[in-house]
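The block underneath contains the structure these notes are about, expressed in structure tokens.
4 protein chains.
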Amino acid sequence: MSTKDRIILAAKELFSTKGYHETKVSDIVEKAGVAQGTFYLYFKSKEDLFLELIKTLHRRLMEDLEKYYHKEDSFEVKIKNLLEDFITEIYNNKEIAIIFFHYLLGINEEFKNIYIQKISDLQKLLAKIIEKDLPSQDSFVVSNLIIGYIRQLIFNCLLIKNESLERLKERLGQDLCIIFKSIK
Amino acid sequence: MSTKDRIILAAKELFSTKGYHETKVSDIVEKAGVAQGTFYLYFKSKEDLFLELIKTLHRRLMEDLEKYYHKEDSFEVKIKNLLEDFITEIYNNKEIAIIFFHYLLGINEEFKNIYIQKISDLQKLLAKIIEKDLPSQDSFVVSNLIIGYIRQLIFNCLLIKNESLERLKERLGQDLCIIFKSIK
Amino acid sequence: MSTKDRIILAAKELFSTKGYHETKVSDIVEKAGVAQGTFYLYFKSKEDLFLELIKTLHRRLMEDLEKYYHKEDSFEVKIKNLLEDFITEIYNNKEIAIIFFHYLLGINEEFKNIYIQKISDLQKLLAKIIEKDLPSQDSFVVSNLIIGYIRQLIFNCLLIKNESLERLKERLGQDLCIIFKSIK
Amino acid sequence: MSTKDRIILAAKELFSTKGYHETKVSDIVEKAGVAQGTFYLYFKSKEDLFLELIKTLHRRLMEDLEKYYHKEDSFEVKIKNLLEDFITEIYNNKEIAIIFFHYLLGINEEFKNIYIQKISDLQKLLAKIIEKDLPSQDSFVVSNLIIGYIRQLIFNCLLIKNESLERLKERLGQDLCIIFKSIK
DNA sequence: CATGAATGAGTTTTCATTCAT
DNA sequence: AATGAATGAAAACTCATTCAT
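Each protein sequence line maps, in turn, to chains B, X, F and A. According to the UniProt record's numbering, the first sequence holds residues 1 to 184 in order. According to the UniProt record's numbering, the second sequence holds residues 1 to 184 in order. According to the UniProt record's numbering, the third sequence holds residues 1 to 184 in order. According to the UniProt record's numbering, the fourth sequence holds residues 1 to 184 in order.
Put into structure tokens, the structure is as follows:
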């Protein structure tokens, strides 16, 4: 693995365990097995690395959603597939997902604004996708509920219980029944 | 207002705007209009004050819920009254609610564990309350969904839009219809 | 002596001995007998303290010159008194004078520009003062020579030989004879 | 141009623009278009390169002066030719001249001593040359004034205005008239 | 000869906390 | 009770230098 990847891996794990401020650059480089200065060959600052992680996940989640914008499946099938893709991406980037959905908001004002912006991007795109099947006001409420649901799933299944991807999809299947009942 | 209250008021506002780490003791005392040393007459440390805020809100929310444990109303009436009381308490302690539900988890490992403990206390009590009307497995899922819903409400209505208590209750009423559809 | 003055005194001596970059904040606080953090109670940064020293001396030298702008003495008397006042001020702020006239230019680009600006301020004011007695082109050349002479005096008498104020004035007297010969 | 010369050229320009400390080895190699490690094939250290530049200019200036030690021209002709050679050498090594005459003194204690030593070498040789025409005490004062004059010329004409060699010699001619008036 | 990734000692700066008044 | 000057440990970041390729 490249030096840069070793640093990223160490950072992801530490940020998701200890939070942003309590993760020192010295923790990261120690875990990555490189010298302090090496960190700054690859990242301008601790903040720079942190935002790179956040932005990468955000871009991927957006791309995952975009693929569904033109899909012509039935509402329930589309939502089911979309959410399965979404939580697969999240599962494959557990640590950053935890950081993104649960830590980012409380770090400082700058990051708070980034969180609000990025979460609203996701929510709006989701709303646009389901607008074809629901009136626009409802699509907004539902997209909001879905984001909240995903966030809760990350907390319960990844942050607390560290469940497998299979278990995650299983839960999703069950919960979708309830959700569909409520919105149709 | 007493000196201690002035410090608490300043701290609540700053923590909820800037987060825990970015709020300096010097910011708090400046906003409270007292000297640096005065802070330590009333609080052992910055952490001590922070936890006092968190614990106070948590205790109040628990007390609000407990009152409903022995209520014999119908499920829907009980839940509706309970949530109205709950969000009223939250509204009256907006800043700490934001800190509690959105910031606490990401500060450090110690606070993460406190968050997990306290949020699970709330959720379990809620589950116990609705267990009378629902099978225990469902009560767990529903209490979980309700906490997630409340959290989302705090984010959208208090943190981002800063809406009034009336508007909050209005939304709650509308959303409960959907929620009840899904759980019955 | 106040803490701030102790820091300033230590800084002046160290900057004038070791230069700006080789003087560490840790050197200054050690010499001043205060803790590292104390430095930052009084100065925003090392640069901030350095510029405060420079600006204070520059302001004083400008004020010394300004007093002569409206004096109606003969050219030779005026110049003699003016230069005596000037070198007295310089003598009383030896260390900063050495920093100002000999070190400032070579520290970095920012300080280079400050030096060019401030030395040109002094030179222009001096030129204005002697313009009454000399044609404007000559006044420019002469003020330039005088600044150069003062600079050389600081190097030889203060930086290398550390001579007394009396010896400095004595030299000035002798040298002025030569200078007057050349410009009249 | 050889790799070594490319490094020297880059270093000269950077040192004379930004000063010693603010010029990083990474700046030099980037400007020279070579790799970081290549620097150390040709120079033991940054200091080593810097001193090589300084010593080379100093040796050349000393050699320029030495040629006049046995010249039997009249005082005025000798001084005029000598200074023309001197400023031609300086003009051809502008950047190092600026570093030598204006930056070296303020870098650190080691370089300060080197400056004092080298400038005093130059001044003493100059004094020896003019001792044949002037009493020894006067020769010292005059050599001192000449060095001060040269320094001022470098500041005004090379560092600030970047004038041509022709313009430099023109000024020298004019100024020498004044200087000769004062010392004879 | 040349490279450039890696090093780690060294520096500035921050800030929670203390304590004499 | 209240002050606020002083502390010093701890953190982010820099950069001259090395060395395996």
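Every residue, glycine too, gets a C-beta built ideally from N, C-alpha and C.
- Here the C-alpha atom of His-102/X lies approximately 12 Å from the C-alpha atom of Phe-100/B.
- Around the Cβ of Ser-74/A, a 10 Å sphere holds fewer than 16 other Cβ atoms; the residue is exposed.
- Contact of Lys-18/B with chain X is assigned, a C-beta pair being separated by under 8 Å.
- When Cβ-Cβ separations below 8 Å define contact, His-21/A makes contact with chain F.
- For Glu-13/F, the closest of Leu-159/F, Tyr-69/F, Ile-146/F, Lys-132/F by C-alpha to C-alpha distance is Leu-159/F.
- Taken through DSSP and simplified to helix, strand or coil, Glu-163/A comes out as coil.
- Secondary structure at His-70/F: coil, using DSSP grouped into helix, strand and coil.
- Per DSSP, Thr-3/A is one residue of the alpha helix (DSSP H) stretching across 3-18.
- Following the DSSP letters along the chain, one finds Glu-84/X inside the alpha helix (DSSP H) bounded by residues 75-92.
- The beta carbon of Leu-122/B sits closer than 8 Å to those of His-58, Leu-61, Met-62, Leu-65, Ile-147, all from its chain and outside the five residues before and after it, given in chain order.
- Closer than 7 Å at the C-beta level to chain X, one finds these residues of the segment 80-111 of chain B: His-102, Tyr-103, Leu-105, Gly-106, Ile-107, Asn-108, Glu-109.
- A residue is called buried once 16 or more other Cβ atoms fall within 10 Å of its Cβ, and Ala-32/X is buried on that count.
- Counting only the Cα atoms, Leu-126/A lies some 13 Å from Asp-85/A.
- Separation of Glu-163/X and Gln-152/X (C-alpha to C-alpha, rounded to the nearest whole angstrom) is 14 Å.
- Remark: three or more beta-carbon pairs, one from each stretch, lie closer than 8 Å, so the segment 107-115 of chain A and the segment 6-24 of chain F are flagged as touching.
- Nearest neighbour of Leu-168/B by Cα position, chosen from Ser-143/B, Cys-157/B, Pro-135/B, Cys-177/B, turns out to be Cys-157/B.
- For a cut-off of 8 Å, the C-beta gap from Thr-56/A to Thr-3/A is around 18 Å, too long to register as a contact.
- Residue contact with chain B for Tyr-68/X: absent (no Cβ-Cβ distance below 8 Å to any residue of chain B).
- In the same chain as Glu-131/X, and ignoring 5 residues on each side of it, the C-beta atoms closer than 6 Å to its own belong to Ser-139, in chain order.
- Contact check for Tyr-69/X against Lys-78/X fails: the beta carbons are separated by 8 Å or more.
- Distance from the CA atom of Leu-83/B to the CA atom of Thr-88/X, rounded to whole angstroms, is 33 Å.
- Annotation: Leu-158/B is outside any alpha helix (DSSP H) and is labelled neither H nor E by DSSP.
- At least one C-beta of chain A is nearer than 8 Å to the C-beta of Arg-151/F.
- Closest in C-alpha terms to Glu-47/B, from the list Leu-104/B, Ala-97/B, Met-1/B, Asn-92/B, comes Leu-104/B.
- Judged by DSSP secondary structure, Leu-134/X falls outside any alpha helix (DSSP H); it is assigned neither H nor E.
- Excluding sequence positions up to five before and after Ser-143/F, its CB lies within less than 6 Å of the CB of Gln-123, Leu-126, Ala-127, all in the same chain and listed in chain order.
- By the neighbour-count criterion, in which 16 or more other beta carbons inside 10 Å mark a residue as buried, Ala-10/X falls on the buried side.
- A buried status is given to Leu-145/F, since no fewer than 16 other beta-carbon atoms sit within 10 Å of its beta-carbon.
- Proximity of chain B to Asn-156/X at the Cβ level (cut-off 8 Å) is accounted for by Asn-144, in chain order.
- Against chain F, the beta carbon of Ile-160/A has neighbours under 7 Å at Ile-116, listed in chain order.
- It is roughly 6 Å from the alpha-carbon of Leu-49/B to the alpha-carbon of Phe-43/B.
- Straight through space, the alpha carbons of Tyr-149/A and Glu-52/F are spaced by roughly 30 Å.
- For Gln-36/B against Ser-26/B, the beta-carbon gap comes to about 7 Å, under 8 Å, which counts as contact.
- With contacts defined as CB atoms closer than 8 Å, Val-34/X and Ile-8/X fail to qualify as a contacting pair.
- In this structure Leu-41/B is exposed. Its beta-carbon is surrounded by fewer than 16 other beta-carbon atoms within 10 angstroms.
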